[in-house]
């Protein structure tokens with residue numbers, strides 16, 4: 038019934054639960070890097086609402102069904118996936134492990150899932166593509182003119198990326214107060230130029246992209262049905278529902294809270310990815326039930342790499358997949374396409390939401 042684990046025996050013995058991986062990452066990472074990972078913008082309300090949206094839904098189990106064989110397989114833009122997951126793009130991923138995007142690519146390949154490389158993470162576009170086989174997405178922060186963008190698109194196509202992603206919720210850079218209080222600035226922020234190009238990015242640029250390039254295009258940072266409809270009208274191949282992990286606009290809604298209205302408005306015209314607070318197997322199951330095709334993992338990616346590089350991240354995926362499989366079995370389901378809105382219902386929140394409240398055994402005072 039359960040998937041074969043893909044991490045090495047040492048990682049299996051060392052980490053028996055996801056909260057142990059989080060604790061290990063916290064003990065190993067420098068304080069500035071840990072705070073950069075867990076922090077959000079201003080009051081951090083949006084990040085808390087990501088967890089609130091997830092925790093405000095309960096699962097509805099069905100019984101007396103044959104669940105001896107459970108599959109977590111799915112498809113995304115023509116790619117066959119063993120798990121409906123992608124590592125979300127994280128700036129300076131190499132801060133959590135020196136191999137950065139390459140380590141994530143190898144862990145993703147071991148689990149038959151996707152990875153998404155940020156344009157401000159090492160190693161580069163080509164190096165990450167070469168690190169491991171499997172479907173990959175390249176995400177771009179626009180820091181140049183049309184020719185600059187086209188160069189990155191052509192390189193992504195040549196390197197075999199499955200899709201290209203434009204992040205569209207960073208027209209203005211936010212105030213991330215944990216970093217400010219720590220007087221911490223990521224290296225790529227110190228050297229970042231061309232923010233005016235990102236600020237000027239608009240729907241005409243999306244239209245130009247679709248007219249010029251054949252690679253599937255994802256728009257990351259959509260939080261309203263209105264914008265999702267515009268994206269679909271322009272032929273975008275995937276809408277990535279995200280509030281940047283609560284790291285951009287303060288006082289916004291949780292990603293899972295807006296997912297149903299976005300899915301309904303899109304009318305199956307494009308694929309759907311969602312990220313924002315997803316840390317446990319049941320979190321992923323809820324997102325799939327509400328219409329996501331793939332769930333993006335941001336902080337869990339950083340935590341896994343911080344705990345033990347590729348092996349730490351691979352072990353985190355072992356445990357997440359096991360949690361997903363258990364949830365499916367206890368819901369009385371054997372395939373992801375059996376999940377639907379009827380599998381969830383509104384419910385009172387049991388604990389105060391926080392970025393890492395999914396790990397109740399993690400010491401909150403550290």
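In the numbering used here, the protein residues as written are 38 to 403.
Glycine included, each C-beta is placed from N, C-alpha and C at the ideal position.
#### Entry: Buried versus exposed, by CB contacts within 10 Å (16 or more), residue 212
It counts as exposed.
### Nearest to residue 281 (by Cα), restricted to the options 69, 46, 64 and 86
Considering only alpha carbons, the answer is 86.
### Task
Ignore the nearest five residues each way along the sequence and tell me which others in residue 361's own chain have a CB closer than 7 Å to its CB.
In its chain, beyond the 5 residues on either side, 109, 318, 321 and 322 have a beta carbon closer than 7 Å to the beta carbon of residue 361.
### Query
Taking residue 177 as the reference, which of 310, 275, 355 and 193 has the closest Cα?
Of 310, 275, 355 and 193, the residue nearest in Cα terms is 193.
### The alpha helix (DSSP H) enclosing residue 142, as first and last residue numbers
According to the DSSP assignment, residue 142 belongs to the alpha helix (DSSP H) that extends over 137-148.
### Message
At the level of alpha carbons, what is the spacing between residue 39 and residue 49?
### Response
Interpretation of residue 39 is limited by its pLDDT of 47, a score under 50 that renders its predicted location unreliable; the figure taken from the coordinates is listed afterwards. Rounded to the nearest angstrom, the two C-alpha atoms are 15 Å apart.
### Query
How would you call residue 138, buried or exposed, if buried means at least 16 neighbouring beta carbons within 10 angstroms?
Burial is judged here by how many other beta carbons sit within 10 angstroms of a residue's own beta carbon; residue 138 has at least 16 and is buried.
### Task
Counting only the same chain and skipping the five closest in sequence on each side, list residues whose C-beta sits under 8 Å from that of residue 290.
Here the set comprises 83, 86, 90, 260 and 280.
### Message
So for residue 235, helix, strand or coil by DSSP?
### Response
The answer is helix: DSSP assigns residue 235 an H, G or I state.
### Query
Which partner residues does residue 276 have in the DSSP bridge list?
When DSSP reads this structure, residue 276 sits in a beta bridge with 256 and 309.
### Query
What alpha helix (DSSP H) runs, 4 residues minimum, are completely inside the segment 160-239?
For the alpha helix (DSSP H) assignment, the uninterrupted runs of no fewer than 4 residues enclosed by the segment 160-239 are, from N- to C-terminal side, 162-168, 183-196, 214-218, 224-227 and 232-237.
### Counted within 10 angstroms of its Cβ, other Cβ atoms place residue 132 as buried (16 or more) or exposed
Around the beta-carbon of residue 132, 16 or more other beta-carbon atoms lie within 10 Å, marking it buried.
### Task
In the DSSP assignment, find the alpha helix (DSSP H) that holds residue 353 and state where it starts and stops.
In the DSSP assignment, residue 353 falls within the alpha helix (DSSP H) that extends over 336-368.
### Query
What residue ranges within the segment 47-133 form continuous alpha helix (DSSP H) runs of no fewer than 4 residues, ordered along the chain?
Listed in chain order, they are 55-65, 68-75 and 82-92.
### Query
Is the closest heavy atom of the ligand ADP to the C-beta of residue 278 under 7 Å?
The ligand ADP is absent from the structure shown, which contains no ligand whatsoever.
### Task
Find out if the Cβ-Cβ distance for the pair residue 268, residue 256 is shorter than 8 Å.
Contact check for residue 268 against residue 256 passes: the beta carbons are separated by less than 8 Å.
### Query
With respect to the alpha helix (DSSP H) encompassing residue 294, which residues constitute its N-terminal and C-terminal limits?
It spans 292-303 - the alpha helix (DSSP H) in which residue 294 sits, taken as one unbroken run.
### Query
If you follow the beta strand (DSSP E) that residue 289 is part of, which residue opens it and which one closes it?
Run containing residue 289: none; DSSP gives neither H nor E here.
### Task
Give the straight-line distance between the Cα atoms of residue 254 and residue 99, rounded to the nearest whole angstrom.
Between residue 254 and residue 99, the alpha-carbon positions lie close to 38 Å from each other.
### Query
What separation, rounded to the nearest whole angstrom, lies between the Cα atoms of residue 197 and residue 167?
Rounded to the nearest angstrom, the gap between the Cα atoms of residue 197 and residue 167 is 9 Å.
### Cα-Cα separation between residue 380 and residue 220, rounded to whole angstroms
C-alpha separation (whole angstroms): 45 Å.
### residue 217 classed as buried or exposed, judged by whether at least 16 other C-beta atoms fall within 10 angstroms
Exposed, since its Cβ has fewer than 16 Cβ neighbours within 10 Å.
### Task
Would you list the residues sitting across from residue 383 in a DSSP beta bridge?
Listed as beta-bridge partners of residue 383 by DSSP are 94.
### Chain-order list of residues whose beta-carbon lies under 7 Å from that of residue 56 (same chain, five-residue window excluded)
396, 398 and 399, listed in sequence order.
### Message
Between 148, 201, 71 and 183, which has its C-alpha nearest residue 175's C-alpha?
### Response
That would be 201, whose Cα lies nearest to the Cα of residue 175.
### Task
For the alpha helix (DSSP H) containing residue 319, list its first residue and its last residue.
It spans 318-326 - the alpha helix (DSSP H) in which residue 319 sits, taken as one unbroken run.
### Query
Taking DSSP as the reference, what is the three-state secondary structure of residue 283?
Residue 283: helix per DSSP, three-state reduction.
### Reduced DSSP secondary structure (H/G/I, E/B, other) of residue 38
Because the pLDDT at residue 38 is just 48, under 50, the model does not fix this residue reliably, and the value given afterwards should be weighed accordingly. In this structure, residue 38 counts as coil in the three-state DSSP scheme.
### Neighbourhood of residue 157 by C-beta distance below 7 Å, restricted to the same chain and skipping five residues each side
128, 129, 178 and 225.
#### Entry: Where residue 154 sits in the DSSP three-state scheme
Strand.
### Message
Only counting the same chain, and skipping five residues up and downstream in sequence, which positions put a Cβ closer than 7 Å to that of residue 326?
### Response
Taken in chain order, the residues that qualify are 376, 377, 378, 380 and 381.
### Query
residue 243 bridges to which residues according to DSSP?
For residue 243, which the question treats as bridged, DSSP gives no partner whatsoever.
### residue 333 - partner residues in DSSP beta bridges
Note: residue 333 is bridge-paired with 123 and 312 in the DSSP secondary-structure output.
### Query
What's the C-alpha gap between residue 105 and residue 366?
Rounded to the nearest angstrom, the two C-alpha atoms are 8 Å apart.
### Task
Compute the beta-carbon to beta-carbon distance between residue 393 and residue 75, rounded to the nearest angstrom, for a pair I have assumed lies under 8 Å.
In this structure residue 393 touches residue 75 by the C-beta definition: roughly 6 Å separates them, less than 8 Å.
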